[in-house]
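Read the structure below first, then the notes.
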DNA sequence: TATGAATGAGACTTCATTCAT
DNA sequence: AATGAATGAAGTCTCATTCAT
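The structure is reproduced here in structure tokens:
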């Protein structure tokens, strides 16, 4: 299911190249990264990359696909094993955070170049996956409203939008200069802010 | 006497062109927008743009500068007239939201191409302004912690980071397809989420 | 004889504009100077220049024509009133130097952009004038050889070439930073070098 | 370890391209030569040049640098092995002439576009080298004045200026239409003119 | 006379991609 | 697997010139 027509066998070299590319994409965005830069990082000439991939986009494709598979998979199992929407949401937050830290590059790519990717047939699965993700969140939030855990006046879709973007934020902090938080700190901070707000009780 | 070499006088035509460019930048990002697209939108040839601007970047410069002036100005007056940090923060949120809706393009530009801009001398003021903004937030949050309004265990810098990015989110929703919220709804949702979290009391 | 089809009447404004243009040409060369720079110097817009001239080249034309008229005229009267070729040459040197200092721009234009001008029909007179100049020099040098004033082994054409270019040199020094010589000093130095060389006797 | 980032290794193809470019620069000047003309001469598309060089200017840089290294190197060894300033100067003249004929293009570039190059940081070495060249000449001329070989009333700097430009002249004659002199003839003519003037004894 | 706006040709440059070796 | 060279499309910018007002 994951392989398209041309997807070459995942040799070690290939995997290494994807990782190099992903790091560059994470730093500068997909479009802003040139094939030459990737090749430079690998110590080869840009033309030589085309022995491993048939295009720059197919590198992007591989990175994005793995990311979304990871996230969607995580959400599915988060929801499955949770009766309480509050628990489900906590699991989803933790699962998201973990997936994001495993696929930092994918996030930058989606943030910076969403319009670019989503306009292409090849990347139609992006929209599909995002829809499933959105639905999962909304389902849990609605469930929480109905059983009284969450405030009844929440606009589930609005909160989802906020949450989705909020969850994405900390990833982009990694490797940035200045104080850096541990993932756990961030997640806990997030959850607390989410459930309780900043006001003292 | 009134004209400086570089800060070309803001003729009507010029202002109009900047608006057209800003719309495109908002849609597709600064780098992804070509000079020709801007010219097409204006119904002229791409070279003709250079009658009004010396470079694509100087268009970007103008848009970003106005935006940051607006935001920083808003924060200053928000802080000045507020004894209670809670009030200050509410004012800052409202002021941000207003500024962001006035300068939608600037935000997209910063989000998509921050690395590109901030690496250039010409855009050094971006970092300067961001620092002032950060400090303003942190000051108010710390004040709130000390006088007991906010939870004592808040990491002010962490919360600021979250907030900053959260505030930016709704802007990118405008003009997007699907359900759209009114600005007031969004701001109120945000403030409520911020102060109280999603949990029912 | 000096007017071509379109040559506008030499109003004061026009003359002033030509002087401004000439200064810029002298500094940076004809091609390297843009119409906009000329207009800027005059405090008008570049399009407005076309009320006075039908093209950038016609400005160049006027400058070059005046210069060559001046030089050729000077040579003619130098030769007329001189029995001794030594005297004729001294007069030619002084006349050249004077003409060059009056038309500094023309020189830069010819030096930098000779290939450009001389390839155009419009500037055919450049070649004509240069031929007359060359012939005048060669005539005097040959005369000097025959009557024993100059060394019999001089290659007149070679010496002319050297001299022509040598005479042009000091002009380009004016306004340059560092020590500057008076015109008289330069001319005397030149003449002495020419007639006697640098060796002590 | 041998390759620096910018000073791309001199492949054969690269060297060939530089030679082609240099010929064009010599003919028409640096600025007046377009990248497309260079590419045409090489039988490739203009964009393909950028596989070998990062810019037109870097081609110019390479040509100019080699030239100045050659000239300065030649002057140094001319001065080292010569007790008599007269001998030193003769060596310098011969060394200049040789270097100039090896780097004809560089000369045209400096003559036509000196203002353009010398205004750029990248070409700061031009000024440095010119200063060393000037100082070398002046030193030898002063030495000759003091030991009585040269006339005591010579203005060393003035003579240098004349000489420098005079030495440059013959190069521009090569390949020009009309009678052409052999290099030796030119140099001997020059030296004789320099030491003895044109007057018969 | 001058302005303000625009044209159009052509300059330099970038970059994903191809391909013979 | 990789190199070295090239393509070709597209992008930013320059500049002499035109023209309605």
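Chains as they are written, first to last, in the numbering used here: chain L, 28 to 228; chain F, 28 to 228; chain B, 28 to 228; chain A, 28 to 228.
Cβ atoms here follow ideal geometry from the backbone N, Cα and C, with glycine treated the same way.
For residue 169 of chain F, no Cβ of chain L is located within less than 8 Å of the residue's own Cβ. Interface with chain L (8 Å Cβ-Cβ cutoff): residue 160 of chain F is excluded. In the three-state reduction of the DSSP assignment, residue 61 of chain A falls in the coil class. The CB of residue 100 of chain A never comes closer than 7 Å to any CB in chain B; the least such distance is about 25 Å.
In the structure shown, the three-state DSSP call for residue 80 of chain A is coil. Going by beta carbons, residue 145 of chain A and residue 131 of chain A fall outside the 8 Å limit. Note: residue 226 of chain L is bridge-paired with F/177 in the DSSP secondary-structure output. Take the alpha-carbon of residue 55 of chain L and the one of residue 142 of chain B: they are about 47 Å apart.
Annotation for residue 134 of chain L: the continuous alpha helix (DSSP H) segment containing it runs 131 to 145.
Among the CB atoms of chain B, none fall inside 8 Å of the CB of residue 209 of chain A. Contact annotation: the segment 108 to 127 of chain A does not touch the segment 180 to 187 of chain A, with fewer than three C-beta pairs closer than 8 Å.
Against chain A, the CB of residue 223 of chain B has a partner CB under 8 Å away; the residue lies at that interface. Classified as exposed, residue 104 of chain L has fewer than 16 neighbouring CB atoms from the shown chains inside 10 Å of its CB. Under the DSSP assignment, residue 52 of chain F falls in the alpha helix (DSSP H) whose first and last residues are 39 to 55.
Cβ-Cβ distances below 7 Å link residue 47 of chain F to 65, 68, 69 in the same chain, with the five nearest sequence neighbours on each side left out; the list follows chain order. Rounded to the nearest angstrom, the gap between the Cα atoms of residue 149 of chain F and residue 83 of chain F is 13 Å. Distance between residue 191 of chain B and residue 160 of chain B, taken at the CA atoms: about 9 Å.
In this structure, residue 133 of chain F sits away from residue 185 of chain F, with a CB-CB distance that is not shorter than 8 Å. At a cut-off of 8 Å between C-beta atoms, residue 67 of chain L does not count as an interface residue with respect to chain F. No Cβ-Cβ contact shorter than 8 Å links residue 136 of chain F with residue 222 of chain F. Put simply, the CB of residue 143 of chain F is near chain L, with a gap under 8 Å to one of its CB atoms. For residue 183 of chain B, the enclosing alpha helix (DSSP H) begins and ends at 183 to 195. The criterion of a C-beta distance shorter than 8 Å is not satisfied by residue 62 of chain B and residue 44 of chain B.
Beyond the five residues adjoining it in sequence on each side, residue 98 of chain L comes within less than 7 Å, by CB distance, of 123, 126, 160 in the same chain, given in chain order.
Taking a beta-carbon distance threshold of 8 Å, residue 87 of chain B does not count as an interface residue toward chain A. Rounded to whole angstroms, residue 119 of chain F and residue 173 of chain L show a C-alpha spacing of 34 Å.
Minimum Cα-Cα distance from residue 147 of chain A among the listed residues A/87, A/198, A/121 corresponds to A/87. Secondary structure of residue 88 of chain F (DSSP, three-state): helix. The Cβ neighbour count for residue 72 of chain F, taken over all protein chains shown within 10 Å, is under 16; the residue is labelled exposed. For residue 138 of chain L, the neighbours in chain F by C-beta distance under 9 Å run, in chain order, 138, 139. Chain-ordered, the chain A residues with CB closer than 9 Å to the CB of residue 193 of chain B read 189, 192, 193, 196. Nearest C-alpha to residue 41 of chain A among A/214, A/78, A/210, A/57: A/78.
Residue 36 of chain F sits in coil when the DSSP states are folded into three classes, being neither helix nor strand. Here residue 126 of chain A carries a helix assignment [DSSP, helix/strand/coil].
When Cβ-Cβ separations below 8 Å define contact, residue 182 of chain A makes contact with chain B. The CB of residue 156 of chain L never comes closer than 9 Å to any CB in chain F; the least such distance is about 17 Å.
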